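*Asks:*
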Amino acid sequence: MAEKLLEINNLYVTYDSENGLCKAVNDLSLHINTHETLGFVGETGAGKTSTAKAIMGLLPSPNGKITQGSITFNGNDMININKRERRSILGKDISMIFQDPMTSLNPAMKVVDQIVEMISLHKALTKREAYKEACDLLELVGIKKERANDYPHQFSGGMKQRVVIAIALACQPKLIIADEPTTALDVTIQAQVMELIKELKEKFNTSMMLITHDIGVVAEICDKVAIMYAGGIVEYGTAEEVFNNPSHPYTIGLFNSVPKLDTEEEWLEEIPGLPPEPTEEIQGCVFHPRCSHCMDICKEREPETVSLSGKHTCKCFLHASNV
Ligand code: SF4
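Note that our numbering has the sequence shown beginning at 13, numbered continuously upward.
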């Protein structure tokens with residue numbers, strides 16, 4: 013039976029801002045099993061990155077807070093864990109790949125030394141052994157060891173992201189959180205980097221949370237999908253369930269806004285309107301101002317999450333049996 017590696021229950025994250033309280037994550041629950049990849053999909057500001065930062069303990073202090081809920085990783089309570097224990101988990105058991113490789117790499121340090129540093133933090137190896145392992149990792153991500161002593165500025169964007177991937181893999185983590193890992197790269201190399209992540213994930217049997225707004229990428233590599241809107245999950249299920257039977261109007265809107273190769277339609281449908289501001293209080297369903305199926309009840313009450321079939325759930329009155 014699959015083992016739960018990461019489990020989040022009823023998580024709420026808020027930020028204090030000049031404009032008031034931002035409710036970034038609202039009542040979010042999900043889990044990732046060992047060796048499983050979860051696609052975490054939604055527009056900018058949907059709460060995806062805040063969830064990732066809450067897992068890693070990287071919410072900006074003192075403004076960002078977890079106000080409710082639990083996060084359990086590999087049996088560890090990630091909210092109440094002490095700093096020392098958290099440090100021993102981050103980098104070793106959980107690694108993160110950020111959007112922009114330049115924010116992850118130290119511009120003043122040779123790339124090999126950045127990998128050696130990560131290896132030495134978590135493994136009892138001699139400097140020579142760590143250096144050899146770092147060079148092997150560079151080769152694994154497609155960078156010749158002759159370039160190990162180069163600095164980040166000597167690499168292209170795609171190659172820098174390969175170095176970041178090598179650092180993320182340095183201690184063979186149980187979970188990788190990849191936050192829009194190809195967004196900052198040229199379109200031509202996005203597919204190559206995504207393919208590399210997919211290959212290495214399979215090679216090391218790592219679990220992954222892939223944060224993205226690209227539903228096409230999710231179809232290729234994810235086992236499960238969580239569709240986020242305004243801080244909460246509106247649809248959740250296996251990739252097969254969600255792709256074969258998208259059920260929430262927002263998910264259907266996302267699917268319709270992706271070009272399809274098998275139709276001759278020249279225009280893509282877009283979801284009307286904009287996501288709400290995080291400080292905005294919306295009564296009823298948070299998606300109702302943009303929803304073409306909106307009913308009176310949607311403006312009055314918040315829908316509950318209902319089970320559709322198997323693991324597939326949806327938060328929408330269209331699927332509630334008692335409405
Ligand atoms: Fe649309 Fe109503 Fe469903 Fe919300 S609950 S997504 S407004 S139909």
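We treat Cβ as the ideally placed atom computed from N, Cα and C, and that holds for glycine. In this text, all values refer to a predicted model and were calculated from it rather than measured experimentally.
Cα-Cα, which of Cys-234, Val-176, Gly-81 and Val-246 is closest to Ser-107?
*Replies:* Against the sequence shown, residue 107 aligns to sequence position 95. When each option's Cα is compared against that of Ser-107, the closest is Val-176.
*Asks:* Let me check you understand the geometry: is the CB of Phe-299 closer than 7 Å to at least one non-hydrogen atom of the ligand SF4?
*Replies:* Stepping through the sequence shown from its first residue, residue 299 is reached at position 287. Correct: Phe-299 has its Cβ closer than 7 Å to the ligand SF4.
*Asks:* For Thr-263, which beta-bridge partners are listed by DSSP?
*Replies:* On the sequence shown, residue 263 is found 251 positions in, with the first residue counted as 1. Partner(s): none; Thr-263 has no beta bridge.
*Asks:* Of the residues Ala-332, His-324 and Gly-322, which one's Cα is nearest the Cα of Glu-316?
*Replies:* Taking the first residue of the sequence shown as 1, we reach residue 316 at position 304. If we check each option's Cα against that of Glu-316, Ala-332 comes out closest.
*Asks:* From the DSSP output, which residues share a beta bridge with Ala-136?
*Replies:* What you label residue 136 is simply residue 124 of the sequence shown in a count that begins at 1. Answer by DSSP bridge pairing: none, since Ala-136 is not bridged.
*Asks:* What three-state label does DSSP hand Thr-6 in the structure shown?
*Replies:* No answer is possible for residue 6: the residues shown for the chain start at 13 and end at 335.
*Asks:* For the alpha helix (DSSP H) holding Leu-181, just list the boundary residues, first then last.
*Replies:* Within the sequence shown, the letter at position 169 stands for residue 181. Where Leu-181 is concerned, the enclosing alpha helix (DSSP H) stretches over 169-181.
*Asks:* Under 7 Å: does the beta carbon of Phe-267 sit that close to some heavy atom of the ligand SF4?
*Replies:* Taking the first residue of the sequence shown as position 1, residue 267 is located at position 255. Phe-267 Cβ: outside cutoff for every heavy atom of the ligand SF4.
*Asks:* Within the same chain, show all residues whose beta-carbon is closer than 8 Å to that of Glu-312, passing over the 5 residues directly before and after it, in chain order.
*Replies:* Counted from its first residue, the sequence shown places residue 312 at position 300. Contacts found: Gln-295 and Gly-296.
*Asks:* Excluding the 5 residues flanking Glu-19 on each side, which residues of the same chain have their C-beta closer than 7 Å to its C-beta?
*Replies:* Here residue 19 refers to the residue found at position 7 of the sequence shown. Closer than 7 Å at the Cβ level, and outside the excluded window around Glu-19, lie His-43 and Thr-84.
*Asks:* By DSSP's criteria, Gln-80 is part of a beta bridge. Which residues make up the other side?
*Replies:* What you label residue 80 is simply residue 68 of the sequence shown in a count that begins at 1. Looking at the DSSP assignment, Gln-80 forms a beta bridge with Tyr-24.
*Asks:* With a 10 Å radius around its C-beta and 16 neighbouring C-beta atoms as the bar for buried, classify Ala-136 as buried or exposed.
*Replies:* Translated into positions along the sequence shown, residue 136 becomes position 124. By the 10 Å Cβ count, Ala-136 comes out exposed.
*Asks:* Hey, Ala-251 and Ala-231 are a contact pair by Cβ (cut 8 Å); roughly how many whole angstroms apart?
*Replies:* On the sequence shown, position 239 is the one that residue 251 refers to. On the sequence shown, position 219 is the one that residue 231 refers to. Sure, about 7 Å apart at Cβ, within 8 Å.
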